[in-house]
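These notes concern the structure reproduced below.
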Amino acid sequence: MEPFQVGSFLTAGVLIVTGLWALLMMDNILKKIIGANLIGDGVNLVLITIGYRPGGFIPEVMHHFHATATPSSYSHLLEFGEFASNASYSLPFALVLTNIVIGASTLSVMLALAVVLYNKYHTLSVHKMFEGED
Amino acid sequence: MFDYILLFAVALSALMAIIQENLYKSIIILTFESFSLAAIFHFLLATDVAAVQAILGAALLPGLFIVALYKTTQGRDE
Amino acid sequence: MLNNSTLIPLMVVLPLIMAILVNFLHQKDKSVKFISIVSLIVFVFIPVVTLYGVHLFSGHLRTGSFPEVSKILIPEVYMGIVYSYGAVQKILMVVLTILTGFSVLAVINKKMISGVYMAMIFISLAASSAIILADDIFNFFVFTEILVVAQAALVIAVQEAKSFKAAFKYMIFGTISGASILLGIALLLGSYGLLNITDLSHAIQAGGALTPIGLVAVALLTLGWLYESGLFPFHIIKSNIYENARPEISALLQVQSKFVLVAMALILFRVFSGYALLKSVILGFAIFTVVIGSVMALQQVELRKLLSFVAVSQAGLVAVGFGLGTPFGIAAGIFHAINDVLSMAILFFIASFVYDKFKTTKLDELGEGLQVVPLVGFVMLLATLAISGVPPFNSYQSEWRLIQASAQAGVPELGILVILLSVATFVAIIKAFYMIFMKPGSKVEVNKEVRGNLTKAIIVILILACLLIGLFPNMVYDPIYNFVVSLGV
Numbered sequence: 001m002e003p004f005q006v007g008s009f010l011t012a013g014v015l016i017v018t019g020l021w022a023l024l025m026m027d028n029i030l031k032k033i034i035g036a037n038l039i040g041d042g043v044n045l046v047l048i049t050i051g052y053r054p055g056g057f058i059p060e061v062m063h064h065f066h067a068t069a070t071p072s073s074y075s076h077l078l079e080f081g082e083f084a085s086n087a088s089y090s091l092p093f094a095l096v097l098t099n100i101v102i103g104a105s106t107l108s109v110m111l112a113l114a115v116v117l118y119n120k121y122h123t124l125s126v127h128k129m130f131e132g133e134d
Numbered sequence: 001m002f003d004y005i006l007l008f009a010v011a012l013s014a015l016m017a018i019i020q021e022n023l024y025k026s027i028i029i030l031t032f033e034s035f036s037l038a039a040i041f042h043f044l045l046a047t048d049v050a051a052v053q054a055i056l057g058a059a060l061l062p063g064l065f066i067v068a069l070y071k072t073t074q075g076r077d078e
Numbered sequence: 001m002l003n004n005s006t007l008i009p010l011m012v013v014l015p016l017i018m019a020i021l022v023n024f025l026h027q028k029d030k031s032v033k034f035i036s037i038v039s040l041i042v043f044v045f046i047p048v049v050t051l052y053g054v055h056l057f058s059g060h061l062r063t064g065s066f067p068e069v070s071k072i073l074i075p076e077v078y079m080g081i082v083y084s085y086g087a088v089q090k091i092l093m094v095v096l097t098i099l100t101g102f103s104v105l106a107v108i109n110k111k112m113i114s115g116v117y118m119a120m121i122f123i124s125l126a127a128s129s130a131i132i133l134a135d136d137i138f139n140f141f142v143f144t145e146i147l148v149v150a151q152a153a154l155v156i157a158v159q160e161a162k163s164f165k166a167a168f169k170y171m172i173f174g175t176i177s178g179a180s181i182l183l184g185i186a187l188l189l190g191s192y193g194l195l196n197i198t199d200l201s202h203a204i205q206a207g208g209a210l211t212p213i214g215l216v217a218v219a220l221l222t223l224g225w226l227y228e229s230g231l232f233p234f235h236i237i238k239s240n241i242y243e244n245a246r247p248e249i250s251a252l253l254q255v256q257s258k259f260v261l262v263a264m265a266l267i268l269f270r271v272f273s274g275y276a277l278l279k280s281v282i283l284g285f286a287i288f289t290v291v292i293g294s295v296m297a298l299q300q301v302e303l304r305k306l307l308s309f310v311a312v313s314q315a316g317l318v319a320v321g322f323g324l325g326t327p328f329g330i331a332a333g334i335f336h337a338i339n340d341v342l343s344m345a346i347l348f349f350i351a352s353f354v355y356d357k358f359k360t361t362k363l364d365e366l367g368e369g370l371q372v373v374p375l376v377g378f379v380m381l382l383a384t385l386a387i388s389g390v391p392p393f394n395s396y397q398s399e400w401r402l403i404q405a406s407a408q409a410g411v412p413e414l415g416i417l418v419i420l421l422s423v424a425t426f427v428a429i430i431k432a433f434y435m436i437f438m439k440p441g442s443k444v445e446v447n448k449e450v451r452g453n454l455t456k457a458i459i460v461i462l463i464l465a466c467l468l469i470g471l472f473p474n475m476v477y478d479p480i481y482n483f484v485v486s487l488g489v
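Chains as they are written, first to last, in UniProt numbering: chain D, 1 to 134; chain V, 1 to 78; chain Y, 1 to 489.
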C-alpha cells in the first residue's frame, strides 16, 4: 500500500467514527442526519481507495486500450494485459456511484421525517421527542 | 502534497461540522467536506465518481439541508 | 448447467415497473385498484411457472479470470450479476407473493388505496424478491437499502407521531447496518476481487483459512444481518415497526423481514462455510432474541405490540435453526420461517379486523367478542394452536424437526428452549384471545358497518394452508432439505 492509500483509509476511519458518534450520541436530529451522511462518505472513500492503483491511469479514458488488434494506427494503444495491469480497478467506482445515489435518497427521506417530527413536537431535540415513551 | 492536505481538510471539516453549534455554519462546513471529498476521488483516479460527488455534495445536499433547516427553525437559532 | 431463464428477473422488474406506474396515477383510485389486482395475479403466477435455473444479466457467461493479472484464486468467474432460482427461492417467492396479494386486497378493501402507498408495497415486494434471488452480494446490498426505505415509508403512511418516530429510528439504524454491510462487501472485494456469492465461497475455500480482513468482514456482515432480520440488539426497533404500521401491512413486513433473514443467512453460510465460530455467534444472538422476545410478549397488554414481540421471538427461532449449522438445522429453520410467516399473518389480519370492528386493540377494553364474531374467534384459537406448535398444524412439524436437529447437533438443551418458546407463545396469545373474545364486560362499541368478509376469507384460507402443510409436511420440507444439502454448507 502506498502512503496516500494509508492516509485515505485513516481519513475514512475518522469519517465513519465521527459519523457514528454523531448518529448515536448527538441530541439534535439534524446533527444525526449529518452523521449518517458522514458514515456514507467514509464507506465510499474506503471503496474508492480499494480501487486505486498507485501510478495507474483512469480506466474510463478509453484511448488507452484497444481490445483486439494492434495495427500501426493503434500503436500508441495498450494490449489488454498491459491495460489490465496498469488501470485502476473500476468496479468499486461503479459500486460507489450506486451508493451515493442510495445515500442521497435515504438522506432526503430522513430530512423530510425530521421536518414532520419538528412540526409535531416543535423541537429538534431527539431526547425531548422520545420523552415519555415506554 | 495537496492531496494530503485535502485528506486532512476532510477529516477536520467532518469533526467541525459535528462540533459546530450553529446549524447553518455546520451545513456550510459539510458542503466543504463533500467538495474536498470529490477532489480526493479525483486524485484516487475515480473521475466519474468525483463528478457525481461534486454535484451531489455541493448542490443537492446543502440545498436539502437548508430547506429542512428553514422548515424547522424558520431561520432563527434554537 | 441450469437453464438461463428470462422469467427470473421479471419477478423483480415487473413490481418495480408497476410501482413506477401506479406512483403516477394520482387520485385515480379505480385504475390503481384494477392495475394492482391484475399485476398481483401476474406476480403470483410468475414464480409458479418459472423453472429452476440462473439468469445471467446481459448474457455475460462464466469466463477465465486472468490469474496472472488479477490474482483471483479461482480459474473461472461470473462477469455479470447473476440471479439464481432454486427450490427454496421458489417456495419463498410463492409464499411472499401470495401474502403480498392478501395484504394488498385488505388495503383495497379498506378504501385506503392511493397510488403512492401501492407503489411502496410493490417496491418492497420487488426488493425482497431481489434479496431472495440475488446471487450477487452488491445487488443484495442495494435492495436491502431500498427495502429499508420502502418499509419506513409504509410505516410513515400511518401519519401518527409514534409511527414517524418508529420510522426515524428504523432509518437511523438502517444507515448503520447499511454502512456495515457495504464495508463488509468492500473488504471482501478488496481481498478476493469478487462479488458473486458462488465464486466468493469457492475463492474463500481455495484460499484456506480466513484472513484477519475476512474476519472483520464476517463481523460487519453479521451485524447487518442482525439488523435486517430484527434479531437481538435490534429487536426493539423491528417490533416498533410492526407495531406502528397498519396491522395488515405488518403481516407483510414480518414476511419480508423473515425471508430476508433466511436469504442473508444462506449467503453468510455459503460464503463463510469454513468458519465455525459464525454458527456459535448466530446461535447466541438467536437464543437472546428468543428469550427476550417471548418475555416481552408475555408482558404486553396491547394486541399489536404483543404480536410484534411474538413475531420477533419466532424470527429468533428461525435463526436458532441456522445457528445449529447442520443441513438438518438449516432446513428446519427455513421450514419454520415459512410456517411461522403463515400463522403470524393470520394473527396480524385478525388484529386488523379487531381494530376495524372495535376501534381499539387495547386488551383491557375489549371483551365478549365471541358473540359478535364467532368465526374470527374460532380461527384465532386455531392460529394460536398453529403458531405454538400443536399438531396437526404446520409449526408442529418444523419445531419437531428443530428439536430433532438440535439433538443431532449435540445440543439437546436447545430442544427445551424450543418447547419453552412454544409454551410462552401459547400463553401470550391465548391471553389475548381470552381478553378479546371471552372476557365479560366489554367497554367498546361494535362497529356494525364493518363486515370484514374479505378478512374472514383470507384468514380461513391461511389456516387451511397451515393445516395442509401440517398434514403433508414433506411436500414443502423435502425440496428445502435437498436444496440445503446441494449447497453443501
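Ideal placement from N, C-alpha and C gives every residue a C-beta, glycine not left out.
Can you pull the DSSP bridge partners for residue i?
| i | result |
| --- | --- |
| residue 136/Y | 196/Y |
| residue 362/Y | 302/Y |
| residue 401/Y | For residue 401/Y, which the question treats as bridged, DSSP gives no partner whatsoever. |
| residue 76/Y | 64/Y |
| residue 55/Y | 83/Y |
Looking at residue j and residue i, is the spacing between their C-beta atoms short of 7 Å?
| i | j | result |
| --- | --- | --- |
| residue 446/Y | residue 363/Y | no |
| residue 80/Y | residue 60/Y | yes |
| residue 257/Y | residue 229/Y | yes |
| residue 206/Y | residue 192/Y | no |
| residue 114/D | residue 29/D | yes |
| residue 465/Y | residue 297/Y | no |
| residue 55/Y | residue 115/Y | no |
| residue 342/Y | residue 392/Y | no |
| residue 492/Y | residue 181/Y | What is shown of chain Y runs 1 to 489, which leaves residue 492/Y out entirely. |
| residue 177/Y | residue 227/Y | yes |
| residue 394/Y | residue 482/Y | no |
Alpha carbon to alpha carbon, what distance is there between residue j and residue i?
| i | j | result |
| --- | --- | --- |
| residue 2/V | residue 40/D | 24 Å |
| residue 50/Y | residue 7/Y | 6 Å |
| residue 460/Y | residue 451/Y | 15 Å |
| residue 325/Y | residue 199/Y | 21 Å |
| residue 418/Y | residue 329/Y | 13 Å |
| residue 15/Y | residue 95/Y | 16 Å |
| residue 130/Y | residue 442/Y | 46 Å |
| residue 13/D | residue 41/V | 16 Å |
| residue 197/Y | residue 148/Y | 22 Å |
| residue 8/D | residue 96/D | 16 Å |
| residue 121/D | residue 5/D | 45 Å |
| residue 309/Y | residue 58/Y | 43 Å |
| residue 337/Y | residue 405/Y | 15 Å |
| residue 37/Y | residue 150/Y | 20 Å |
| residue 49/D | residue 44/V | 7 Å |
| residue 163/Y | residue 209/Y | 46 Å |
| residue 27/V | residue 47/V | 25 Å |
Counting only beta-carbon separations shorter than 7 Å, does residue i have a partner in chain Y?
| i | result |
| --- | --- |
| residue 50/D | yes |
| residue 1/D | no |
| residue 113/D | yes |
| residue 22/D | no |
| residue 102/D | yes |
| residue 110/D | yes |
| residue 31/D | no |
Using a Cβ-Cβ cut-off of 7 Å, state whether residue i counts as contacting chain B.
| i | result |
| --- | --- |
| residue 11/D | No chain B is part of this structure, whose protein chains are labelled D, V and Y. |
Using a C-beta cutoff of 7 Å, does residue i count as contacting chain D?
| i | result |
| --- | --- |
| residue 125/Y | no |
| residue 71/V | yes |
| residue 55/V | no |
Is any heavy atom in the ligand SAM found nearer than 6 Å to the beta carbon of residue i?
| i | result |
| --- | --- |
| residue 94/D | The ligand SAM is not part of this structure, which contains no ligands at all. |
Is residue i close to chain V? Criterion is C-beta to C-beta, closer than 7 Å.
| i | result |
| --- | --- |
| residue 95/D | no |
| residue 27/D | no |
| residue 16/D | no |
| residue 7/D | yes |
| residue 88/D | yes |
Assess, as a yes-or-no matter, whether the segment 283 to 290 of chain Y is touched by the segment 218 to 238 of chain Y under the definition of 3 or more beta carbon pairs within less than 8 Å.
yes
For the structure I just gave you, are there three or more beta carbon pairs, one from the segment 346 to 366 of chain Y and one from the segment 380 to 395 of chain Y, closer than 8 Å?
yes
Any contact between the segment 260 to 278 of chain Y and the segment 304 to 323 of chain Y? By contact I mean 3 or more CB pairs, one from each, below 8 Å.
yes
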